[in-house]
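Undergrad: This is the structure I have questions about; it appears just below.
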Amino acid sequence: MTTQTKKPMQILFASFEAEPFSKTGGLGDVAGTLPSYISSTNYDIRVILPNLNVVPEKYKAKMEKIAEFYVPLAWRYQYCGLLRLRHKGVTYYFIDNEFYFNREKVYGEGDDCERVAFFSKAVLESIQYIPDFMPNVLHCNDWHTALVPVYLREQYMEIPGYESIKTVFTIHNLKFQGVFGSSALADVLGLHNCPAAGQLMYGDAVNLMQGAVRYSDRLTTVSPSYAEEICTPYYGENMDWLFNQRKDVLSGILNGIDNKKYDPMDTPVINHPFDADSLDLKKKNKEELQAELGLEVNADIPMFVLVSRLTEQKGLDLVTYDLPAIVERNMQLVILGVGSPEYEEAFRWYADKYPSKIAAVLSFNEPMSRRMYACGDLLLMPSRFEPCGLAQMMAMRYGCLPLVRETGGLKDSVQPYNQYTGEGTGFSFANYNAHEMLDTIDAALKVWYDEPEKFVALQKNAMATDLSWRTSAKKYRALYKELVQE
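Whatever position you read off the sequence shown (first residue = 1), add 1006 for the working numbering.
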């Protein structure tokens, strides 16, 4: 008697960006890391991406063309090449079309609606050309892939095998929904003569994400708290009514980080590797950064770091409001990031006026962000909203305690300090209020100066917290299994 080998579940993970090929933000981190953690003998997960101009040449040179075909899009028939690359144990497919993807920018082009519509159709067309692969699950991410579930149900159900494909749609940031003029429905999408027309229209506009929310079998966000928050008017970005309608298929799975990448014992940009038992070496790193940035060199002064896009979403109006009070306190603040001119100007002005207390590095610099986590004592992250956030997780790996507002993934990943039990991995405040943030800064300073042994205990707690992708991957596997077995 022969034993038949069980075929692994097949998952196609669609994203518009994935590190190391392309990255503009957190989506690139997730799509570039999560699939490798999900992959196992029972889960054959592959990733499909556009072959963007920004993909480094060293990867393009290794890609193998496996198919050429034409993609129907409204009245158009556009060329599509399908390329394959194996990278770190995961198979990646790249949709190749120079007209749509040979651009200087990943997003922000005048024809973005057409670009993402082409990509969505090409994802579905490509399945016919991938040998020995028919996905049980199509996992789509953010508005750039929101049309995949729509096109699947409206135009591809008659192709053998497609009728059994299940869809998962993950919302990484509801702020960006893919909203375009109503003329796109017919001219670009070719969906004006089907039920999707009514599902995509919101007022006099086409909303791509709304289509995915209506058509997908499962909806996820990147943290449990954010899944609850988007069902409320404050966070729902005018879609809370729809999330409440589909609450039975909505859940949140907290993102993770790659522990190997953020390892204080193996971070080339710092001179003194350390762990939870050698935090004195962390102070040496801090003194070197203080000297480099022109701050007062003193390991006993707590260094707060702010590593962020300088936008209102990140709570920077609270920070700028509190700057006059912050410079009066015995602390330092180092800012890293670029963004709104008003915030850049405010931080630059304070850094010039108080050079021993405040430093502003107004650039996007990933090696410097790693140094700041490794050197900083506290991370300031008072976000107005935060679907997940990764900075707080990275900081915790380096014993840099997050000071956060309790929202989204910040609430789910940071355990606030309990003065009675000593438990906690950081500090937090509930209401979006500058006075409340300042009170929390004062509470953290009190622990630093009055109970240093408790501060060190919190650092060790933070460094010991498992925020790796392993936990997230396990939950995604369970979601896929439940969905396929229904």
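Here a beta-carbon is modelled for each residue, glycine too, at the ideal position from N, C-alpha and C. Since this is a predicted model, take the numbers as computed values, not measurements.
Does any residue of chain D bring its CB to less than 8 Å from the CB of Lys1068?
TA: This model lacks chain D altogether; it includes just one protein chain.
Undergrad: Can you round the beta-carbon distance between Phe1435 and Glu1429 to whole angstroms, since I take them to be within the 8 Å contact cut?
TA: Counted from its first residue, the sequence shown places residue 1435 at position 429. Counted from its first residue, the sequence shown places residue 1429 at position 423. No, Phe1435 and Glu1429 are not in contact; Cβ-Cβ is about 17 Å, not under 8 Å.
Undergrad: Measuring CB atoms only, is the stretch 1045–1053 touching the stretch 1085–1100, in the sense that at least three cross pairs come out at less than 8 Å?
TA: Touching, yes, given that three or more Cβ pairs across the two stretches are closer than 8 Å.
Undergrad: Does the structure place the stretch 1376–1388 close enough to the stretch 1270–1288 that three or more beta carbon pairs sit under 8 Å?
TA: They touch, by the three-pair rule.
Undergrad: Under 6 Å Cβ to Cβ from Tyr1106, same chain only, skipping five residues before and after it: list those, please.
TA: By one-based count along the sequence shown, residue 1106 stands at place 100. The answer, listed in chain order, is Arg1121 and Phe1124.
Undergrad: Taking the alpha-carbon of Gly1345 as reference, which of Leu1040, Leu1368 and Trp1149 has the nearest alpha-carbon?
TA: Against the sequence shown, residue 1345 aligns to sequence position 339. The residue with the shortest Cα to Cα distance from Gly1345 is Leu1368.
Undergrad: Name the two residues that bound the continuous beta strand (DSSP E) containing Leu1386.
TA: Sequence index remark: in the sequence shown, residue 1386 carries index 380 (1-based). Leu1384 to Met1387 is the span of the beta strand (DSSP E), which, as asked, contains Leu1386.
Undergrad: Can you give me the Cβ contacts of Lys1480 inside the same chain, cut-off strictly under 7 Å, excluding the 5 residues immediately before and after it?
TA: Residue mapping note: residue 1480 aligns to position 474 of the sequence shown, counting from 1. Taken in chain order, the list of residues that qualify is empty.
Undergrad: Looking at Val1420 and Thr1431, is the spacing between their C-beta atoms short of 8 Å?
TA: On the sequence shown, position 425 is the one that residue 1431 refers to. On the sequence shown, position 414 is the one that residue 1420 refers to. Yes.
Undergrad: Where are the alpha helix (DSSP H) runs, 4 residues long or more, that stay fully inside the stretch 1014–1102, in chain order?
TA: With a minimum length of 4 residues, the continuous alpha helix (DSSP H) runs that stay inside the stretch 1014–1102 are 1032–1044 and 1063–1066.
Undergrad: For Ser1384, collect the residues of the same chain with a Cβ closer than 7 Å to its Cβ; drop the 5 residues on either side in sequence, then sort them by chain order.
TA: As a first step, residue 1384 is located in the sequence shown; it is residue number 378 there, counting from the start. Looking at the sequence itself, residue 1384 is Leu, so the reference to Ser does not match. Only Pro1308, Phe1310, Cys1406, Leu1407, Leu1409 and Ala1450 meet the Cβ criterion.
Undergrad: Are the stretch 1386–1402 and the stretch 1294–1302 in contact at 8 Å, needing three or more beta carbon pairs?
TA: The stretch 1386–1402 vs the stretch 1294–1302: no contact.
Undergrad: I'd like to check one pair, Phe1175 with Ala1203: are the Cβ atoms closer than 8 Å?
TA: One-based indexing of the sequence shown puts residue 1203 at position 197. One-based indexing of the sequence shown puts residue 1175 at position 169. No, the pair does not count as a contact, with Cβ atoms beyond the cut-off.
Undergrad: Give me the Cβ distance between Met1245 and Leu1180, rounded to the nearest whole Å; I'm assuming they're in contact under 8 Å.
TA: What you label residue 1245 is simply residue 239 of the sequence shown in a count that begins at 1. What you label residue 1180 is simply residue 174 of the sequence shown in a count that begins at 1. The pair is a contact, with the Cβ atoms about 7 Å apart (cut-off 8 Å).
Undergrad: Output needed for Val1507: all residues of its chain with C-beta closer than 7 Å, excluding positions within five of it in sequence on either side, in chain order.
TA: Residue 1507 is absent from the model: the chain starts at 1007 and stops at 1492.
Undergrad: Taking 7 Å as the limit between beta carbons, can you name the residues of its chain near Pro1373, skipping five residues before and five after?
TA: Locating residue 1373 in the sequence shown gives position 367, counting from the first residue. Once the five neighbours on either side are set aside, the close Cβ partners of Pro1373 are Val1275.
Undergrad: Do the stretch 1455–1469 and the stretch 1280–1292 touch if we need at least three Cβ pairs shorter than 8 Å?
TA: Taking 8 Å as the limit for Cβ pairs, the verdict is that the stretch 1280–1292 does touch the stretch 1455–1469.
Undergrad: Just checking my contact of Tyr1360 with Val1333 at CB under 8 Å: how many whole Å lie between their CB atoms?
TA: Here residue 1360 corresponds to residue number 354 of the sequence shown, with the count starting at 1. Here residue 1333 corresponds to residue number 327 of the sequence shown, with the count starting at 1. Sure, about 5 Å apart at Cβ, within 8 Å.
Undergrad: If I measure Cβ to Cβ from Ser1389 and keep anything under 8 Å in the same chain, skipping five residues before and after, which residues do I get?
TA: Working through the sequence shown from its first residue, we reach residue 1389 at position 383. For Ser1389, where only same-chain residues beyond five positions count, the Cβ hits under 8 Å are Gln1319, Lys1320, Gly1321, Gly1395, Val1410, Arg1411, Thr1413, Gly1414 and Leu1416.
Undergrad: In the DSSP assignment, the beta strand (DSSP E) including Arg1411 goes from what residue to what residue?
TA: Position 405 of the sequence shown holds residue 1411. Its beta strand (DSSP E) spans residues Leu1407 to Arg1411.
Undergrad: Pick out whichever of Ala1024, Arg1335 and Arg1403 has its Cα sitting closest to the Cα of Leu1444.
TA: Within the sequence shown, residue 1444 is the residue found at index 438, counting from 1. The candidate whose alpha carbon is nearest that of Leu1444 is Arg1335.
Undergrad: Could you pull the start and end residues of the beta strand (DSSP E) that Thr1317 belongs to?
TA: Translated into the one-based positions of the sequence shown, residue 1317 becomes position 311. Element bounds for Thr1317: n/a, residue is neither H nor E.
Undergrad: Going by other Cβ atoms of all chains shown within 10 Å of its Cβ, with 16 needed for buried, is Tyr1241 buried or exposed?
TA: Position 235 of the sequence shown, counted from the start, is the residue given in the question as residue 1241. Label assigned to Tyr1241: buried.
Undergrad: So, Leu1153 versus Ala1080, is the Cβ gap smaller than 8 Å?
TA: In the sequence shown, counting from the first residue as 1, residue 1153 sits at position 147. In the sequence shown, counting from the first residue as 1, residue 1080 sits at position 74. Cβ distance not < 8 Å, so Leu1153 and Ala1080 don't count as in contact.
Undergrad: Closer than 8 Å by C-beta to Thr1008: which residues in its own chain qualify, once you throw out the five before and the five after it? Chain order, please.
TA: For this step, residue 1008 is matched to residue 2 along the sequence shown. Per-residue confidence for Thr1008 stands at a pLDDT of 49, beneath the threshold of 50, marking its modelled position as unreliable; the derived number appears in the next sentence. So no residue of the chain qualifies.
Undergrad: Give the secondary structure of Ser1257 by DSSP, where H, G and I count as helix, E and B as strand, and everything else as coil.
TA: Position 251 of the sequence shown, counting from 1, holds the residue named residue 1257. If DSSP states are grouped into helix, strand and coil, Ser1257 belongs with the strands.
Undergrad: Let's see if you can read the secondary structure: which residues bound the alpha helix (DSSP H) around Leu1473?
TA: For the purposes of this step, residue 1473 is taken as the residue at position 467 of the sequence shown. Where Leu1473 is concerned, there is no enclosing alpha helix (DSSP H), given that its DSSP letter is neither H nor E.
Undergrad: How should Pro1078 be labelled, buried or exposed, when 16 other C-beta atoms within 10 angstroms of its C-beta is the threshold for buried?
TA: Taking the first residue of the sequence shown as 1, we reach residue 1078 at position 72. By the 10 Å Cβ count, Pro1078 comes out exposed.
Undergrad: Is Arg1476 buried or exposed, if buried means 16 or more other CB atoms sit within 10 Å of its CB?
TA: Along the sequence shown, read from residue 1 onward, the residue named residue 1476 stands at position 470. It is exposed - the Cβ of Arg1476 has fewer than 16 other Cβ atoms within 10 Å.
Undergrad: Between the Cα of Ser1045 and the Cα atoms of Gly1032, Ile1072, Val1036 and Met1015, which residue gives the shortest distance?
TA: Residue numbering aside, residue 1045 sits at position 39 when the sequence shown is read from its first letter. Here the closest residue by C-alpha is Met1015.
Undergrad: What distance in whole Å lies between the Cβ atoms of Glu1131 and Cys1086, which are believed to be in contact at a cut-off of 8 Å?
TA: In the sequence shown, counting from the first residue as 1, residue 1086 sits at position 80. In the sequence shown, counting from the first residue as 1, residue 1131 sits at position 125. The Cβ separation is near 7 Å, so the contact holds.
Undergrad: Quick one: give me the first and last residue of the beta strand (DSSP E) that Asn1213 is part of.
TA: Here residue 1213 refers to the residue found at position 207 when the sequence shown is read from its first residue. Unbroken beta strand (DSSP E) run through Asn1213: Ala1211 to Asn1213.
Undergrad: If you drop the 5 nearest sequence neighbours on each side, which residues of the same chain put their C-beta closer than 8 Å to that of Lys1068?
TA: Against the sequence shown, residue 1068 aligns to sequence position 62. Result list for Lys1068: Leu1091, in chain order.
Undergrad: Relative to the C-alpha of His1178, which residue among Glu1104, Ser1257, Thr1446 and Ala1128 is closest?
TA: What you label residue 1178 is simply residue 172 of the sequence shown in a count that begins at 1. For the residues Glu1104, Ser1257, Thr1446 and Ala1128, the minimum Cα distance to His1178 belongs to Ser1257.
Undergrad: Which ranges would you report for the beta strand (DSSP E) in the stretch 1114–1157 if only whole runs of at least 3 residues count?
TA: Whole beta strand (DSSP E) segments, 3+ residues: 1143–1147.
Undergrad: Measure the CB-CB distance between His1145 and Phe1019 and report whether it falls below 8 Å.
TA: Looking up residue 1145 in the sequence shown gives position 139. Looking up residue 1019 in the sequence shown gives position 13. It is a contact, given that the beta carbons lie within the stated cut-off.
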